[in-house]
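A.B. asks: If you read the protein sequences in the order shown, they are chains C and A.
Position one of the first sequence corresponds to residue 1 (the working numbering), numbered consecutively onward.
Position one of the second sequence corresponds to residue 1001 (the working numbering), numbered consecutively onward.
C-beta atoms are modelled at their ideal positions from N, C-alpha and C, and glycine is treated no differently.
These numbers were taken from a predicted model, which means no experiment stands behind them.
Protein chains: 2
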Amino acid sequence: MNTCSYIKNARNDIPVDVLFELSEFFKFFGDTTRIRIIHLMLSGELSVNEIAEKLNLEQSVVSHQLRILRTANLVKPRREGRKMFYSLDDEHIGLIFNTGLTHILHKKGK
Amino acid sequence: MNTCSYIKNARNDIPVDVLFELSEFFKFFGDTTRIRIIHLMLSGELSVNEIAEKLNLEQSVVSHQLRILRTANLVKPRREGRKMFYSLDDEHIGLIFNTGLTHILHKKGK
DNA sequence: TGAAAATATGAATACTTGTTCATATATCAA
DNA sequence: TTGATATATGAACAAGTATTCATATTTTCA
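#1: State the start and end residues of the unbroken alpha helix (DSSP H) segment that holds residue 36 (chain C).
#2: For the segment 1042-1060 of chain A, which residues have a beta carbon sitting closer than 8 Å to at least one beta carbon of chain C?
#3: Does residue 45 (chain C) come out as helix, strand or coil in the three-state DSSP assignment?
#4: Using a C-beta cutoff of 8 Å, does residue 1031 (chain A) count as contacting chain C?
#5: Go to residue 58 (chain C), then tell me how far its beta strand (DSSP E) extends in each direction, as first and last residue.
#6: Just mark residue 59 (chain C) as buried or exposed, buried being the case when its beta carbon has 16 or more other beta carbons within 10 Å.
#7: Which chain C residues sit within Cβ distance under 8 Å of residue 1092 (chain A)?
#8: How should residue 1030 (chain A) be labelled, buried or exposed, when 16 other C-beta atoms within 10 angstroms of its C-beta is the threshold for buried?
#9: Please list, in chain order, the chain A residues whose beta carbon lies closer than 8 Å to that of residue 14 (chain C).
#10: In the DSSP output, what is residue 78 (chain C) paired with across the bridge?
#11: If we cut at 8 Å on Cβ distances, does residue 1 (chain C) have a partner in chain A?
#12: Along the chain, where does the alpha helix (DSSP H) that runs through residue 1094 (chain A) open and close?
#13: Starting from residue 87 (chain C), find everything on chain A with Cβ-Cβ shorter than 8 Å and list it in chain order.
#14: Would you say residue 26 (chain C) and residue 1026 (chain A) are within 8 Å of each other, going by their C-beta atoms?
#15: Is residue 66 (chain C) close to chain A, meaning its C-beta is less than 8 Å from at least one C-beta of that chain?
#16: Compare the C-beta of residue 1080 (chain A) with all C-beta atoms of chain C and state if any pair is closer than 8 Å.
#17: Do the segment 1081-1095 of chain A and the segment 1039-1048 of chain A touch if we need at least three Cβ pairs shorter than 8 Å?
#18: Should the segment 59-73 of chain C be regarded as contacting the segment 100-110 of chain C, the criterion being three or more beta carbon pairs within less than 8 Å?
#19: What does residue 1027 (chain A) reach in chain C if we use C-beta pairs closer than 9 Å?
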């Protein structure tokens, strides 16, 4: 009857350090530049310059944020000549993105 | 073949201001104190002092963070005499919490 | 009304972090 | 090797924010 897996799987004994990691993880989604980069990557991999052009951002801004996302294993790099292509490392990233998106769109609809 | 629903439901035309709101939304989960408060509330409503005691935090810290969560409609207050009880406003909050938690636990398992 | 309990708030501080600018590194082509 | 292209990085600055401390509200009870 209950289709919400998050309730069935609710954990009651989460260590503080795991909660800390969880908050650190959500921080990566808590920046406009990064969320726009993640959004772009939902459609596939992109080079640094492609991202910068599509988002109308300076190259260094994109590069700085990509380093953060790469260090956190949210995106993975692939070199092709002089270009670096980045793509989402984990399929869960899109799930979290869309879960949040569904939430705010749902609230806006009211 | 593709079992990832987030790809099937991918939205390609998200306005920048919606992406901004989305990042602002995720910021609420990007703080240790708030994520611990949210975690506590997954089990039900709590008074301010209960939260402060369980998390070993000063009352003003909890109150400040509750104001942020309340303003963002993540939690809702209920007065009972001198006490204020707070609970999660939206059932999606728990879903997002657990989606992120599942993700980092999955990565730790590797 | 006065005191106590519970919560909220304001200002100050310290800390974090995103952007900017300049520059460095890396790769390719001639 | 030299120049051009693509990306990365470091330092400095500015803006945002979580915590602390003190104090203000609000409510209950004697």
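C.D. replies: Considering the structure as presented:
#1: What you label residue 36 (chain C) is simply residue 36 of the first sequence in a count that begins at 1. Bounds of the alpha helix (DSSP H) holding residue 36 (chain C) are 32-41.
#2: 1042 and 1043
#3: Numbered from 1 along the first sequence, position 45 holds the residue referred to as residue 45 (chain C). Three-state DSSP puts residue 45 (chain C) in coil, outside helix and strand.
#4: For the purposes of this step, residue 1031 (chain A) is taken as the residue at position 31 of the second sequence. Judged by the 8 Å Cβ criterion, residue 1031 (chain A) is in contact with chain C.
#5: Residue numbering aside, residue 58 (chain C) sits at position 58 when the first sequence is read from its first letter. Segment: none, residue 58 (chain C) is in no beta strand (DSSP E) and carries neither H nor E.
#6: As a first step, residue 59 (chain C) must be located in the first sequence, where it is residue number 59. With fewer than 16 other Cβ atoms within 10 Å, it is exposed.
#7: On the second sequence, position 92 is the one that residue 1092 (chain A) refers to. Under the 8 Å cutoff, chain C gives 99, 102, 103 and 106.
#8: Here residue 1030 (chain A) refers to the residue found at position 30 when the second sequence is read from its first residue. The residue is buried, with at least 16 neighbouring Cβ atoms inside 10 Å.
#9: In the first sequence, residue 14 (chain C) corresponds to position 14, counting from 1. Here the neighbours are 1039 and 1101.
#10: Within the first sequence, residue 78 (chain C) is the residue found at index 78, counting from 1. For residue 78 (chain C), the beta-bridge partners assigned by DSSP are C:85.
#11: Locating residue 1 (chain C) in the first sequence gives position 1, where the first residue counts as 1. Annotation note: pLDDT 39 at residue 1 (chain C) (below 50); position unreliable, no value reported.
#12: Within the second sequence, residue 1094 (chain A) is the residue found at index 94, counting from 1. Unbroken alpha helix (DSSP H) run through residue 1094 (chain A): 1091-1108.
#13: For the purposes of this step, residue 87 (chain C) is taken as the residue at position 87 of the first sequence. Chain A residues near residue 87 (chain C): none, gap ~13 Å exceeds 8 Å.
#14: Translated into the one-based positions of the first sequence, residue 26 (chain C) becomes position 26. Translated into the one-based positions of the second sequence, residue 1026 (chain A) becomes position 26. For residue 26 (chain C) and residue 1026 (chain A), yes; Cβs fall inside 8 Å.
#15: Taking the first sequence and counting its residues from 1, one reaches residue 66 (chain C) at position 66. No - not a single Cβ of chain A is within 8 Å of the one on residue 66 (chain C).
#16: Within the second sequence, residue 1080 (chain A) is the residue found at index 80, counting from 1. Chain C has no Cβ within less than 8 Å of the Cβ of residue 1080 (chain A).
#17: yes
#18: Per the Cβ contact rule, the segment 59-73 of chain C is not in contact with the segment 100-110 of chain C (fewer than 3 Cβ pairs under 8 Å).
#19: Counting from one through the second sequence, the residue named residue 1027 (chain A) turns up at place 27. Simply 26, 27, 29, 30 and 31.
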